[in-house]
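If you read the sequences in order, they're chains A and B.
Start counting the first sequence at 41; every next residue gets the next number (this note's numbering).
Start counting the second sequence at 362; every next residue gets the next number (this note's numbering).
Glycine residues also receive a C-beta, built at the ideal position from the N, C-alpha and C atoms.
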Amino acid sequence: MRRSLPYLLLAPALLFTAFVLCYPLAQNLVNSVREVDLVHGPGRWNGLANYRHVFADREFWLALRNTAGYALGGTLMALGLGLALALLLDRTTAHSAPFVTCLLSLPWVISPVVAGFAWKWLLNDHFGILNAWLSAAGIVGPGTSWLGNPRTALLCVMAARAWQFYPFAMVMFLAGLESIPAEQYEAASVDGASALRRFLAITLPNLRPVSSVLLLLGIIWSFNDFTMVFVMTRGGPIDASMVLPVLVREFSFVHFDLGKGSALSIVIFAVLVLLSGLYLRVLAGRERA
Amino acid sequence: MKTVITMAAALALLAPGCARNDNAVVLNDWNFGGRPRLIEWLRTRVTSFESAHPGVRVVQSQKSWNMIRELLYADYSAGTGPDVVNVHANYAAEFGGAGYYYPINTFPDFEQVKRWYVPCMMESTRYGENYYGLPSSAIAFVLVCNKELFDREGIAPPRTWSEFRAAARRLTKDTDGDGVIDQYGLVLLGGDRGGFAYRLIPFFFKAGARAMTDDLKTVTFNSPEGVEALQLIADMYQVDHSVTPGFLAYTLTEINDLFCSNRVAMSIEGPWFRGMVDDKSPGKKFYTVPVPVPDDRIGAYDTASTLQDMVMYAINARTAHPEQAWELIKYLRNEEADMAWIREDLGATATTRSALASPEASALGDLPLYVHEAQHAIAWPAHPKMIAIASDIFTPYAEKAIVGEMTPREAMDQATREAQELIEGKR
């Protein structure tokens, strides 16, 4: 009884995980190798035909390119912003620093749906505050369309994603900065190293483990992000911001081809498993160090 | 203390059960879209139905038009769809054809009920030999013109494409003299794939183009008339710059904001627009006129077809209570109920003969125009794939043509090819 107790205690959690994770995944895998039309239900087994249809679809390649750009671009933007703010907060000794940190962390706790709609209105061509400021500064003309322009729509969604992710990066960087021994900076100062030199030779190398973890996490989360893109652009205009999770919805619930949608979601799953494996390796390396 | 808590908990659990008649038949009624006033009216009407039918309880849910097909497919395929739902009448082909809707012509009093409605409106709910719903709101797509801007320029609403293009050019201007255009002639609903197709196709229909041949076997977006219609809008966008540059991101909310703030002069809309404008900008006036026709079809200005859409009340084919569902939809859409469409201005056009023939109807603003247009209008072809084709094939290619990524000819050829493949099962 004593030996089986841990397993008994774990059983509810394992059963729950199996129900909400393993079962849908297995069902998805099954659906990906047969014809499943929402109207007529499951049809005949068709092997890898759904995967072939996915890879033959030009929208898949467009969405893959957009997803890669969105995940990498958005994450890099967030990391840059997070690092800059972490450096500022690390240097400040004001009593208000914890309050400012909390304030700067707000985007992280805002629901992505709310954030998406807020960004949509900020970027509105006629009534958005961003356009009002930029046109007042003479940077763009009034009425410049950001989300309605195929050239800028994805960039805007990327910026919104970066805005949501930067607080997490900032907090992680802040923790990383606080763990750098002060002696290293003191020694560098004694040797006459400039601020830039200290940043490049001490700060950045010490933050490398945090950065790699953040980069991978950011890419994984963005790669799988549906909400921000769907709320802001629905993958438009004219598919300019179409990303893979939104395309899964298109295949499954707009074209009602659940087989093809399942195949695409398995492809995304495979990419995410690869990225997660990489993340775990980086994490293990960090633990060893 | 423990006893008190236990009794309170038991009472709390029992209370909901006591509040309702356990033997009541429960009907789930999904309502898509609608103005607050309409939703409120439907609540009252359902309460009145429940009083008249003590054994029936109706559970109403309000849903968004934006996700209608996804929601319905997901629920119907899972066998959990609502008993009664209000949907586009052209879903009769898609959902009725798939066996999801109940053929209401099998009810014994159907022929008598059918006579309540304007025949062309009733016909919109038919697919094959069966009728799948009762007409709820007739919709004809028309051109709305911002009266203040038109009057300021001293021009009348356009009737032909030349006049339309000229009016849009003239109404596109820099109003505050800062060298930047801040008022546009036309706005399009580019951020909503379905909504965009519904607003562009009236130009095709007015030119004599059709989406499919009558036998529903051949897609015809690329007819010369269709290409010409698309060329008109593309020229307005690319050459005249009289279409709002950011239209690809607009939903109905943005269109309403732009219209009410005098940033745009014209839009293609339907009977809901009056209420939307009133809610945002009470008292704002606009002209409601037919969508313009090609110059050489001016003789057919009064009869050329626009797009007719229709909302209908349908019954789930798998409902356990078809008789009660039938009673409910009749109650929601009978001649007496239809008068509320007119008296209370619920944002749609009435569909029964008696309501439309009433003295109140002829006195109601733009209703006569909507009725006239609806009687000459044609619906999307009754093909089960048509709505998917309109949203997912026609719209993206038409948008590409308008912004200049493709020529109208290339775009419509490609859209036709892909749509044809879809209906032939090759995609």
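Where the beta strand (DSSP E) through residue i begins and ends
| i | result |
| --- | --- |
| F330(A) | The question about residue 330(A) has no answer, for chain A in this structure spans 41 to 329. |
| P386(B) | Reading the sequence as shown, one finds Val at residue 386(B) and not Pro. It spans 386 to 393 - the beta strand (DSSP E) in which V386(B) sits, taken as one unbroken run. |
| G546(B) | 545 to 548 |
| G81(A) | 81 to 85 |
| N507(B) | 503 to 507 |
| N447(B) | 445 to 449 |
| E630(B) | 625 to 630 |
| E223(A) | Premise fails: E223(A) lies in the alpha helix (DSSP H), 222 to 230, not in any beta strand (DSSP E). |
From the options, residue whose alpha carbon lies closest to that of residue i
| i | options | result |
| --- | --- | --- |
| S72(A) | S145(A), S316(A), L298(A) | L298(A) |
| A780(B) | V764(B), I750(B), I465(B), P469(B) | I750(B) |
| R404(B) | P415(B), G416(B), D390(B) | D390(B) |
| G538(B) | R98(A), P182(A), F263(A) | P182(A) |
| F270(A) | L255(A), L143(A), W101(A), S281(A) | S281(A) |
| E771(B) | L783(B), F755(B), G786(B), G551(B) | F755(B) |
| T680(B) | I465(B), R398(B), G395(B) | I465(B) |
| L128(A) | T141(A), M272(A), M117(A) | T141(A) |
| D670(B) | G765(B), Y758(B), W633(B), Q592(B) | W633(B) |
| D639(B) | G394(B), M700(B), R398(B), F393(B) | R398(B) |
Coarse secondary structure for residue i, derived from DSSP in three states
| i | result |
| --- | --- |
| F100(A) | helix |
| W477(B) | coil |
| F647(B) | strand |
| W186(A) | coil |
| H733(B) | helix |
| A380(B) | For A380(B), the predicted model reports a pLDDT of 48, less than 50, meaning its position is unreliable; a value from the coordinates is still stated below. Correct three-state label for A380(B): helix. |
| N617(B) | helix |
| E583(B) | A quick correction: the sequence has Asn, not Glu, at residue 583(B). Residue state, collapsed to three classes: coil. |
| S498(B) | strand |
| M573(B) | strand |
| L375(B) | With a pLDDT of only 48 at L375(B), under 50, the local geometry of the prediction cannot be trusted, and the value read off the model is given with reservation. Reduced to three states, the DSSP call for L375(B) is helix. |
| E490(B) | coil |
| M700(B) | helix |
| I676(B) | strand |
| S151(A) | coil |
| D537(B) | coil |
| G325(A) | helix |
| I308(A) | helix |
| I739(B) | strand |
| F56(A) | helix |
| T243(A) | helix |
| R43(A) | coil |
| T713(B) | strand |
| E75(A) | strand |
Under 9 angstroms from the C-beta of residue i: neighbouring residues of chain B
| i | result |
| --- | --- |
| G188(A) | G551, G552, T605, P606, G607, F608, L609, A610, Y611 |
Contact set between residue i and chain B, taken where Cβ atoms lie within less than 8 angstroms
| i | result |
| --- | --- |
| F95(A) | Result: empty, since nearest Cβ-Cβ is about 15 angstroms, beyond 8 angstroms. |
| I278(A) | L609, P757, E760, K761, V764, E766 |
Proximal chain A residues relative to residue i, where beta-carbon distance stays under 9 angstroms
| i | result |
| --- | --- |
| Y434(B) | L78, V79, F293, F296 |
| V541(B) | S175, G181, P182, G183 |
| A749(B) | V294, H295, F296 |
| E721(B) | Result: empty, since nearest Cβ-Cβ is about 38 angstroms, beyond 9 angstroms. |
| D753(B) | E290, V294, H295 |
| E509(B) | By Cβ distance, chain A contributes nothing, its closest Cβ being about 17 angstroms from E509(B), past 9 angstroms. |
Supposed contact pair residue j and residue i - C-beta distance, whole angstroms, cut 8 angstroms
| i | j | result |
| --- | --- | --- |
| N617(B) | Q544(B) | With 8 angstroms as the limit, N617(B) and Q544(B) do not qualify as a contact, their Cβ atoms being about 16 angstroms apart. |
| A453(B) | A743(B) | 7 angstroms |
| L504(B) | P683(B) | Between P683(B) and L504(B) the Cβ distance is about 41 angstroms, and since that is not below 8 angstroms, they are no contact. |
| A821(B) | R418(B) | The structure shown does not extend to residue 821(B), since chain B is modelled only from 362 through 788, so no value can be given for it. |
| L717(B) | V479(B) | 7 angstroms |
| T107(A) | L284(A) | 5 angstroms |
| T441(B) | F582(B) | So it is not a contact: roughly 36 angstroms between Cβ atoms. |
| S474(B) | M673(B) | What sits at residue 474(B) in the sequence shown is Val, not Ser. Actually they are not in contact, since the Cβ atoms of V474(B) and M673(B) sit about 13 angstroms apart, beyond 8 angstroms. |
| M272(A) | A199(A) | Actually they are not in contact, since the Cβ atoms of M272(A) and A199(A) sit about 10 angstroms apart, beyond 8 angstroms. |
First through last residue of the alpha helix (DSSP H) which encompasses residue i
| i | result |
| --- | --- |
| N427(B) | Counting along the chain, N427(B) falls outside any alpha helix (DSSP H), and DSSP gives it neither H nor E. |
| T664(B) | That residue, T664(B), is in no alpha helix (DSSP H); it is neither H nor E in DSSP. |
| E782(B) | 769 to 784 |
| S603(B) | Counting along the chain, S603(B) falls outside any alpha helix (DSSP H), and DSSP gives it neither H nor E. |
| M210(A) | 193 to 218 |
| R237(A) | 235 to 238 |
| M268(A) | 267 to 272 |
Residues that residue i contacts on chain B, provided the C-beta gap is smaller than 7 angstroms
| i | result |
| --- | --- |
| F167(A) | D618 |
beta-carbon residue i near the ligand SAH non-hydrogen atom, thresh 6 angstroms
| i | result |
| --- | --- |
| E431(B) | The ligand SAH is not among the ligands present in this structure, which contains no ligands whatsoever. |
Contacts of residue i in chain A (Cβ-Cβ under 8 angstroms)
| i | result |
| --- | --- |
| R624(B) | H166 |
Under 7 angstroms by beta carbon: chain A residues contacting residue i
| i | result |
| --- | --- |
| D774(B) | Those do not exist, as D774(B) stays about 17 angstroms from chain A at its closest Cβ, beyond 7 angstroms. |
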